[in-house]
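Peer 1: Take a look at the following structure, please.
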Amino acid sequence: MESLLAKIASADAASIAHAGRILRHGGLVAFPTETVYGLGADATNGRAVAGIFAAKGRPRFNPLIVHVRDLAEAERHAEFTDTARDLAARFWPGALTLVLPRATTPLSDLVSAGLSTVALRVPAHPVAQRLLQEAAVPIAAPSANPSGKVSATTAVHVAEGLQDKVDFILDGGATILGLESTVIGFDGDRPVLLRPGAIAREDIEAVAGSLRKAGPAIQSPGQLDSHYAPSASLRLNVSEPEPDETLLGFGPSQNAALNLSPAGNLKEAAANLFAMLRQLDRNAPRIAVMPIPERGLGEAINDRLRRAAAARA
Ligand code: TXA
Ligand code: MG
């Protein structure tokens, strides 16, 4: 662990400039975004992007999100529709990922994993923004966790999961939102929800009209397999835990070992979700989770919990 922690640097001007140089030379840098930590590489460098798949143990068919500075840069890599532009104008920089047809672009084909589309996001976190400036290349970055495991919301979580596989970790503290971005694809100009995330469906629909769930024709490969898996077993929608279960609470509870939000606030619950799952996973073999409403961020929270539960079934 000591050598791992030696790779973690508090994110300041000097460490971010150093990280930018590592990226330009084809290395891997983990960095904070407002959602979760990302494992970044130069998205135009095929070898560097291949390094991400190797470090995470990620299946090659699962494409990556490319992070860019702003909408103008994004438009150089993909064909935007009117609705995509409206969504970008409203939510970028921020926790929205748009999946669009690739333009003629220097981006490595590997980021798209063989698809004709590319996923783009402009992150809002000041460290991510500064890193994009310093690196001066688009940054491909999946969540900074081993494939199939819980996403990292702190620099130490990154170090625990990716050990010696990353060259450098920028520490920007705990991420604020705690859930990955909402991923929106398009069927023509009609938006499709590929992954619920840190921006609630209702907020997207206020701009783009009603969202369809992805049918089998439009794939987001990352949504096919089990994900976000802790080692412990997980049972959902539990009001009365079994004696050998450790209860993860939501809303008022006498017997919760940890509580996502005692006040029943979904934003607070989203921010706490992955860190609390990790904490319980250290010493509780069986975790039970109280019911979480399906509205707002609850849709994304329940999506992650269902995947975590399914992984052990
Ligand atoms: O908040 C986030 O989105 C974080 C931070 C680091 O930006 N990143 C993240 O990346 O969660 P990752 O790789 O863990 O999840 C990306 C999701 C996957 O479900 C992947 O299948 C989907 O986006 N995706 C990426 N490119 C796609 C494409 N071209 N078509 C469909 N889905 C795509
Ligand atoms: Mg991920």
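At the far end of the sequence shown sits residue 637, using my numbering, and the numbering has no gaps.
No residue lacks a Cβ here, since even glycine has one placed at the ideal position from N, Cα and C.
1) Taking the C-alpha atoms as reference points, what is the distance between residue 624 and residue 369?
2) Taking 8 Å as the limit between beta carbons, can you name the residues of its chain near residue 417, skipping five residues before and five after?
3) Tell me the rounded alpha-carbon separation between residue 366 and residue 494.
4) Look up residue 510 in the DSSP assignment and give the residues it is bridged to.
5) Roughly how many angstroms separate the alpha carbons of residue 471 and residue 529, rounded to a whole number?
6) Give the range of the alpha helix (DSSP H) segment to which residue 660 is assigned.
7) Measure the alpha-carbon distance for residue 304 versus residue 526 and round it to whole angstroms.
8) Let me check you understand the geometry: is the CB of residue 387 closer than 7 Å to at least one non-hydrogen atom of the ligand MG?
9) On the premise that residue 389 lies in contact with residue 443, defined as a C-beta separation below 8 Å, what is that separation, rounded to the nearest angstrom?
10) Which term fits residue 488, buried or exposed, when burial requires 16 or more other beta carbons within 10 angstroms of its beta carbon?
11) Tell me which same chain residues have a C-beta within less than 7 Å of the C-beta of residue 403, skipping the five on either side of it?
12) What I want to know is whether the C-beta of residue 505 ends up closer than 7 Å to one or more non-hydrogen atoms of the ligand MG.
13) Could one say the Cβ of residue 397 lies closer than 8 Å to chain B's Cβ atoms, at least one of them?
14) The ligand TXA heavy atoms versus the CB of residue 451: any closer than 7 Å?
15) Taking 7 Å as the cut-off, is the CB of residue 359 close to at least one heavy atom of the ligand TXA?
16) Assign residue 519 to one of two classes, buried (16 or more other C-beta atoms within 10 Å of its C-beta) or exposed (fewer than that).
17) Can you list, in chain order, the stretches of the beta strand (DSSP E) that have 3 or more residues and sit fully within the segment 398 to 474?
18) Ordered along the chain, which non-local residues of its own chain (more than five positions away) have a Cβ less than 6 Å from that of residue 516?
19) With 16 as the cutoff for other CB atoms within 10 Å, does residue 339 come out buried or exposed?
20) Between residue 334 and the ligand MG, is there a pair consisting of the residue's CB and a ligand heavy atom that are separated by less than 7 Å?
21) Expressed to the nearest angstrom, what Euclidean distance is found between the alpha-carbon atoms of residue 412 and residue 399?
22) To which residues of the same chain is residue 597 closer than 7 Å at the C-beta, ignoring the five residues directly before and after it?
23) Return helix, strand or coil for residue 367, following the three-state DSSP convention.
24) Candidates 381, 531, 437, 408: which alpha carbon is nearest residue 468's?
25) Under the three-state reduction of DSSP, which class applies to residue 574: helix, strand or coil?
26) In chain order, what residues of the same chain have a beta carbon less than 7 Å from the beta carbon of residue 384, not counting five sequence neighbours either side?
27) Which residue's Cα is closest to the Cα of residue 475: 420, 458, 457, 553?
28) Can you name, in chain order, every residue of its own chain whose Cβ lies under 7 Å from the Cβ of residue 434, other than the five neighbours on each side?
29) By DSSP, does residue 331 sit in helix, in strand, or in coil?
30) Could you give the distance in angstroms between the alpha-carbon of residue 361 and the alpha-carbon of residue 457?
31) Exposed or buried, what is residue 619 when buried is set at 16 or more other beta-carbons lying within 10 Å of its beta-carbon?
Peer 2: Looking at the coordinates:
1) If I take the Cα positions, the gap works out to 32 Å.
2) Within the same chain, residue 417 has close Cβ partners 394, 446, 447, 448, 453.
3) Between residue 366 and residue 494, the alpha-carbon positions lie close to 16 Å from each other.
4) BP columns for residue 510 point to 515.
5) The alpha-carbon of residue 471 is positioned some 30 Å away from that of residue 529.
6) In this structure the chain extends from 325 to 637, so residue 660 is not present and cannot be described.
7) The structure shown does not extend to residue 304, since the chain is modelled only from 325 through 637, so no value can be given for it.
8) No.
9) That pair is a contact at about 4 Å.
10) Burial call: exposed.
11) Here the set comprises 424, 425, 427.
12) Residue 505: no, Cβ never under 7 Å from the ligand MG.
13) Absent from the structure: chain B. Only one protein chain is present.
14) Result no, Cβ not under 7 Å from the ligand TXA.
15) True, at least one ligand heavy atom lies under 7 Å from that Cβ.
16) When all chains shown are included, residue 519 counts as buried.
17) Entirely contained in the segment 398 to 474, the beta strand (DSSP E) runs reaching 3 residues are, in chain order, 420 to 425, 441 to 445.
18) Taken in chain order, the residues that qualify are 509, 536, 538, 542.
19) Burial of residue 339 is indicated by the presence of at least 16 other C-beta atoms within 10 angstroms of its C-beta.
20) Residue side-chain check: residue 334 keeps its Cβ at 7 Å or more from all non-hydrogen atoms of the ligand MG.
21) Rounded to the nearest whole angstrom, the C-alpha separation of residue 412 and residue 399 is 11 Å.
22) Closer than 7 Å at the Cβ level, and outside the excluded window around residue 597, lie 502, 503, 584, 625, 628.
23) Correct three-state label for residue 367: coil.
24) Each of 381, 531, 437, 408 was checked against the Cα of residue 468, and the nearest Cα belongs to 381.
25) It is coil, neither helix nor strand.
26) Annotation for residue 384: 377, 437 place their beta carbon closer than 7 Å to its own, counting only its chain and skipping 5 residues before and after.
27) Cα-wise, what sits closest to residue 475 is 553.
28) 370, 373, 374.
29) Here residue 331 sits in coil by DSSP.
30) Using only the alpha carbons, I get a separation of about 18 Å.
31) Burial call: exposed.
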